[in-house]
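Trainee:
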DNA sequence: TTCGTCATGTAATGGGTTACATGATTAC
DNA sequence: GTAATCATGTAACCCATTACATGACGAA
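Chains as they are written, first to last, in our numbering: chain A, 106 to 312; chain B, 106 to 312.
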């Protein structure tokens, strides 16, 4: 158990998708790439090794529905391999979904983490959104500073590029602001209704 | 000529920056990261090996300005190393700036290629912009198709993510449209003025 | 029966990061 | 004189890609 760094983004994505429903690799990859569509695309060369690794570490298992009545005794020669989560896998997924750190708000990971927000605790969601926002704001500030420093020394295409980048990020920040606002409103509403019924927020007992 | 794949994006970026003015590695990296600000950030761990490789392949050379009057006979112990392009390097840069292929319009390369558009031929610029646009439109189409297929089966966060991605890309397409429009207008104007004067005036009048 | 798609995999490679190690210069 | 920053470099590793190889299955 020492070391054994997970496959980063892919691990979460695979576990998350398999949690929604069991699947075989090929389909997994398609769902992956439509899910993340604009952000990333994985190839088989990374997916299958990842599945293999998850298998050997006991987070997923093969799940052959066994519908062999149809007179095919050896139907298993290079057929589909459907994977599903094990108990350990569910636990691992839960763990991944609970940590709100750089991995969850940097460029590589944010999309995937966001995609599974409906399985994520509300407070974690909020911290991830805020983390990403402040990350982007850092970037904005440093680029704006650089832009102010070098004003008039850059050619028009460079300027155009930096402006477009700036505007894109500003746009994402506005998007995050709106999401954060919604999350906060939701939390308040929940807090209100729970204080009404004299209950403190149940802190995610392990089910 | 056999093999010797260049260091991808970095090679172009380094050659391009050094073409504008000689620099040492540390400064190069800063300029690199402000130039590309929103898109990429390189670390020394990739920059210095790249410089080394460019050095050994003769595309850049050390350029010590030699201002040693100040009584420092051994001023060179671990001092700055300023690099500049060689003739080969300039040629290579020109070559890189002339090819309008996937490398120039895929996500990884587009920003860098665009950043040096002022050193790029007008027709190449146009083809790169159009290449990127059609690349993005492909992506839009496939995501929209997927979205239509799975409508109502996805949870709200996934939907939110996909929508945001979609809008981001649509926005970039609009940006590209405008740039392409400008480029075309410029080309037409140049064509017009050159046809106007091509009978009695020497062609090639630079401003 | 052949072609396109579904489906699973591996080996070689690649481009990059992190963490580390160290020296030089500047500001206080 | 010491801390921060400038400046150069390397080794170990990581995540993923490309290209390849193979096999099953349905439709023309």
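We put the CB at the ideal spot given by N, CA and C, even for glycine. Quick caveat: nothing in here was measured; it's all calculated off a predicted structure.
Alpha carbon to alpha carbon, how far is residue 144(B) from residue 270(A)?
Mentor: Stepping through the second chain from its first residue, residue 144(B) is reached at position 39. Stepping through the first chain from its first residue, residue 270(A) is reached at position 165. About 8 Å.
Trainee: Mind checking which residues open and close the alpha helix (DSSP H) that includes residue 316(A)?
Mentor: Residue 316(A) falls outside the range modelled here, since chain A spans only 106 to 312, and no answer is possible.
Trainee: Do we get a CB-CB distance below 8 Å when we pair residue 218(A) with the residues of chain B?
Mentor: Counting from 1 along the first chain, the entry for residue 218(A) is found at position 113. No, because no Cβ of chain B sits closer than 8 Å to the Cβ of residue 218(A).
Trainee: Buried or exposed for residue 188(B), please, with buried defined as at least 16 other CB atoms from any protein chain shown within 10 angstroms of its CB.
Mentor: Counting from one through the second chain, the residue named residue 188(B) turns up at place 83. Per the 10 Å Cβ criterion, buried.
Trainee: Going along chain A in order, which residues have a C-beta closer than 8 Å to the C-beta of residue 262(B)?
Mentor: Your numbering for residue 262(B) matches position 157 in the second chain. Under the 8 Å cutoff, chain A gives 219, 220, 221, 222, 223.
Trainee: How is residue 285(B) classed by DSSP in three states: helix, strand or coil?
Mentor: Residue mapping note: residue 285(B) aligns to position 180 of the second chain, counting from 1. Residue 285(B) falls in the helix class under three-state DSSP.
Trainee: Indicate the three-state DSSP secondary structure (helix, strand or coil) for residue 185(B) in the structure shown.
Mentor: Position 80 of the second chain, counted from the first residue, corresponds to residue 185(B). Coil.
Trainee: Specify, as a first and last residue, the run of the alpha helix (DSSP H) that residue 125(B) falls within.
Mentor: To locate residue 125(B), count along the second chain from 1; it is residue 20. Run containing residue 125(B): 114 to 125, per the alpha helix (DSSP H) assignment.
Trainee: List the residues that DSSP assigns as beta-bridge partners of residue 166(B).
Mentor: Looking up residue 166(B) in the second chain gives position 61. Bridge partners of residue 166(B): 189(B).
Trainee: Output needed for residue 123(A): all residues of its chain with C-beta closer than 8 Å, excluding positions within five of it in sequence on either side, in chain order.
Mentor: Translated into positions along the first chain, residue 123(A) becomes position 18. So the list reads 133, 165, 188, 189, 190, 194, once near-sequence residues are dropped.
Trainee: Determine the direct distance from the alpha carbon of residue 275(A) to that of residue 241(A), and round the result to whole angstroms.
Mentor: As a position in the first chain, residue 241(A) is number 136, starting the count at 1. As a position in the first chain, residue 275(A) is number 170, starting the count at 1. Their backbone Cα atoms lie some 8 Å apart in a straight line.
Trainee: Taking all protein chains shown into account, do 16 or more other C-beta atoms lie within 10 angstroms of the C-beta of residue 116(B), making it buried, or fewer, making it exposed?
Mentor: By 1-based counting over the second chain, the position of residue 116(B) is 11. Flag for residue 116(B) reads buried.
Trainee: Would residue 266(A) count as contacting chain B if we go by Cβ distances under 8 Å?
Mentor: Taking the first residue of the first chain as 1, we reach residue 266(A) at position 161. Yes, contact with chain B.
Trainee: Could you work out which residue in 156(B), 227(B), 215(B) is closest to residue 127(B) when comparing CA atoms only?
Mentor: Reading the second chain from its first residue, position 22 is the one you call residue 127(B). Looking at the Cα atoms, 156(B) is the closest of the given residues.
Trainee: Apart from the five residues on each side of it in sequence, which residues of its chain come closer than 8 Å, Cβ to Cβ, to residue 220(A)?
Mentor: Here residue 220(A) corresponds to residue number 115 of the first chain, with the count starting at 1. These residues qualify, in order along the chain: 118, 121, 140, 141.
Trainee: Against residue 147(B), what residues of chain A qualify as contacts under a CB-to-CB distance less than 7 Å, listed in chain order?
Mentor: To locate residue 147(B), count along the second chain from 1; it is residue 42. By Cβ distance, chain A contributes nothing, its closest Cβ being about 14 Å from residue 147(B), past 7 Å.
Trainee: Alpha carbon to alpha carbon, how far is residue 150(B) from residue 137(B)?
Mentor: Position 45 of the second chain, counted from the first residue, corresponds to residue 150(B). Position 32 of the second chain, counted from the first residue, corresponds to residue 137(B). Cα-Cα distance, rounded: 14 Å.
Trainee: Taking just the CA atoms, how far does residue 287(A) sit from residue 294(A)?
Mentor: Taking the first residue of the first chain as position 1, residue 294(A) is located at position 189. Taking the first residue of the first chain as position 1, residue 287(A) is located at position 182. One C-alpha to the other measures close to 11 Å.
Trainee: Would residue 269(B) pass as an interface residue toward chain A - the criterion being a Cβ-Cβ separation below 8 Å?
Mentor: Here residue 269(B) refers to the residue found at position 164 when the second chain is read from its first residue. Yes, contact with chain A.
Trainee: Name, in chain order, the residues that DSSP records as bridge partners for residue 129(B).
Mentor: The sequence position of residue 129(B) within the second chain is 24, counting from 1. Answer is 187(B).
Trainee: Quick one: give me the first and last residue of the alpha helix (DSSP H) that residue 151(B) is part of.
Mentor: Position 46 of the second chain, counted from the first residue, corresponds to residue 151(B). Where residue 151(B) is concerned, the enclosing alpha helix (DSSP H) stretches over 149 to 161.
Trainee: Thinking C-alpha only, which one of 216(B), 167(B), 210(B) is nearest residue 262(A)?
Mentor: What you label residue 262(A) is simply residue 157 of the first chain in a count that begins at 1. It is 216(B).
Trainee: Output yes if chain B places a C-beta closer than 8 Å to the C-beta of residue 205(A); else output no.
Mentor: Mapped onto the first chain, residue 205(A) falls at position 100. Not one chain B Cβ lies under 8 Å of residue 205(A).
Trainee: Could you work out which residues of chain B lie near residue 248(A), taking near to mean beta carbons separated by less than 9 Å?
Mentor: Residue mapping note: residue 248(A) aligns to position 143 of the first chain, counting from 1. Under the 9 Å cutoff, chain B gives 139, 142, 143.
Trainee: How is residue 206(B) classed by DSSP in three states: helix, strand or coil?
Mentor: Indexing the second chain from 1 puts residue 206(B) at position 101. Coil at residue 206(B), not helix or strand.
Trainee: To the nearest angstrom, how far is the alpha carbon of residue 251(B) from that of residue 264(B)?
Mentor: Residue mapping note: residue 251(B) aligns to position 146 of the second chain, counting from 1. Residue mapping note: residue 264(B) aligns to position 159 of the second chain, counting from 1. Cα-Cα distance, rounded: 11 Å.
Trainee: Under a three-way DSSP split, which group does residue 216(B) fall into?
Mentor: Along the second chain, read from residue 1 onward, the residue named residue 216(B) stands at position 111. It is helical.
Trainee: Expressed to the nearest angstrom, what Euclidean distance is found between the alpha-carbon atoms of residue 212(B) and residue 227(A)?
Mentor: Mapped onto the second chain, residue 212(B) falls at position 107. Mapped onto the first chain, residue 227(A) falls at position 122. Cα to Cα, the separation comes out at about 33 Å.
Trainee: Return the residue from the list 207(A), 168(A), 224(A), 214(A) that minimises the CA-CA distance to residue 125(A).
Mentor: Against the first chain, residue 125(A) aligns to sequence position 20. Among 207(A), 168(A), 224(A), 214(A), the Cα nearest to that of residue 125(A) belongs to 224(A).
Trainee: Are any of the Cβ atoms in chain B nearer than 8 Å to that of residue 114(A)?
Mentor: The residue you call residue 114(A) lines up with position 9 of the first chain. False, the Cβ-Cβ gap to chain B never drops below 8 Å.
Trainee: Taking residue 233(A) and residue 210(A) to be in contact with their CB atoms under 8 Å, please state how far apart those CB atoms are, rounded to whole angstroms.
Mentor: Translated into positions along the first chain, residue 233(A) becomes position 128. Translated into positions along the first chain, residue 210(A) becomes position 105. Taking the Cβ atoms as the reference, residue 233(A) lies roughly 6 Å from residue 210(A), within the contact range of under 8 Å.
Trainee: Can you tell me the Cα-Cα spacing of residue 277(B) and residue 161(A), whole angstroms?
Mentor: Residue mapping note: residue 277(B) aligns to position 172 of the second chain, counting from 1. Residue mapping note: residue 161(A) aligns to position 56 of the first chain, counting from 1. The alpha-carbon atoms of residue 277(B) and residue 161(A) are separated by roughly 43 Å.
Trainee: Compare the C-beta of residue 209(B) with all C-beta atoms of chain A and state if any pair is closer than 8 Å.
Mentor: Position 104 of the second chain, counted from the start, is the residue given in the question as residue 209(B). Answer no: the Cβ-Cβ gap between residue 209(B) and chain A never drops below 8 Å.
Trainee: Taking 8 Å as the limit between beta carbons, can you name the residues of its chain near residue 153(A), skipping five residues before and five after?
Mentor: If you number the first chain from 1, residue 153(A) lands on position 48. A distance below 8 Å between beta-carbons, with the five flanking residues on each side excluded, links residue 153(A) to the following residues of its chain, in chain order: 130.
Trainee: Within this structure, are the beta carbons of residue 247(A) and residue 273(B) separated by less than 8 Å?
Mentor: In the first chain, the residue the question calls residue 247(A) occupies position 142. In the second chain, the residue the question calls residue 273(B) occupies position 168. Cβ distance not < 8 Å, so residue 247(A) and residue 273(B) don't count as in contact.
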